[in-house]
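Just so you know, the sequence shown maps onto residues 32 to 231 in the numbering used here.
One structure is given here, and the rest of the page talks about it.
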Amino acid sequence: MIGFTYRLQMEGVVGEQDRPGATEKVSSPKVGNVTRRRGRRRGLNEWQDLITEQLDEAAANGAFENLPGKGQPLRLDRFPNEPDDMRMANKLLKDNNLTPSWIGDRKKLLTQIEALRAEMKRRWEQTCAGVQAAGSERETFARSWRRSVRDWEARIGELNRRIVSLNISLPIWRMELHRLRLDEELKRIGAVNGDGESLL
């Protein structure tokens, strides 16, 4: 490798300034006099550090003060990722403070799912407290719990039908909701053990 570099130097292809570690003086009206290294590539982190350093220096010198529109909301009249065929419809919805129906349906469904989960947790805590307090009425609490589980199973079935219907209408797949499973919901509140067996 040394012989190859020497030969290139002798032929005038590579000069002393091109060797790794060599420096050069650069003068620029914006930057001033700077000495920089030549003959090696900068890594991504070096560039990011350099850019951050220059931005911090510019901010310290007040380069970002008194910009036009400072303190006012951005005017984003046109969204780059918005399809052309949806632009007018979205503008009409926005101007009239309306939302697409699937957004309202999704919010309503999420609220109902959270309400079901809160009800299940509250009912489980009441059942546990009742079973511990009343030894002779344990079977009554267990029957009441099993009846509640059957009711929740029916409600989860209805919610799952609505989730599937909503997922079909969503324009963005990342907004899809996962279907509920009774065993997972019971695990969430601690009503079943790891094997899926009821603790009552």
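Ideal placement from N, C-alpha and C gives every residue a C-beta, glycine not left out.
Keep in mind that this is a model prediction, so the values were computed, not measured.
Between the CA atoms of residue j and residue i - distance to the nearest angstrom
| i | j | result |
| --- | --- | --- |
| Arg-193 | Lys-122 | 28 Å |
| Gly-100 | Arg-210 | 46 Å |
| Glu-170 | Leu-147 | 24 Å |
| Asp-126 | Met-206 | 24 Å |
| Leu-197 | Gly-102 | 39 Å |
| Ala-89 | Thr-83 | 10 Å |
| Cys-159 | Ala-185 | 23 Å |
| Asp-108 | Arg-181 | 51 Å |
| Ala-164 | Arg-174 | 16 Å |
| Met-117 | Arg-106 | 19 Å |
Check whether residue i and residue j have beta carbons under 8 Å apart
| i | j | result |
| --- | --- | --- |
| Leu-190 | Gln-143 | yes |
| Leu-213 | Trp-183 | yes |
| Pro-131 | Leu-124 | yes |
| Gly-188 | Phe-172 | no |
Beta-carbon proximity list for residue i, same chain, < 6 Å, skipping 5 on both sides
| i | result |
| --- | --- |
| Ser-179 | Arg-154 |
| Ile-220 | Met-151, Lys-152, Trp-155 |
| Leu-208 | Ile-194 |
Neighbour-count burial assignment, residue i, 16 or more Cβ in a 10 Å radius
| i | result |
| --- | --- |
| Trp-176 | buried |
| Met-32 | Reliability fails at Met-32, whose pLDDT of 47 lies under 50, so the model's placement of it is uncertain and the value that follows must be treated cautiously. That one is exposed. |
| Trp-78 | exposed |
| Phe-95 | exposed |
| Phe-110 | exposed |
| Tyr-37 | Caution is warranted here: a pLDDT of 48 is assigned to Tyr-37, below 50, making its placement in the model unreliable, and the coordinate value is therefore given only provisionally. Exposed. |
Other residues of its chain near residue i: CB distance less than 8 Å, five sequence neighbours each side excluded
| i | result |
| --- | --- |
| Glu-215 | none |
Proximal residues to residue i (C-beta, below 7 Å), its chain only, five neighbours per side dropped
| i | result |
| --- | --- |
| Trp-133 | Leu-197, Ser-200, Leu-201 |
(request) For the region 197-204 and the region 131-147, state whether three or more C-beta atom pairs, one from each stretch, are separated by less than 8 Å. (result) yes
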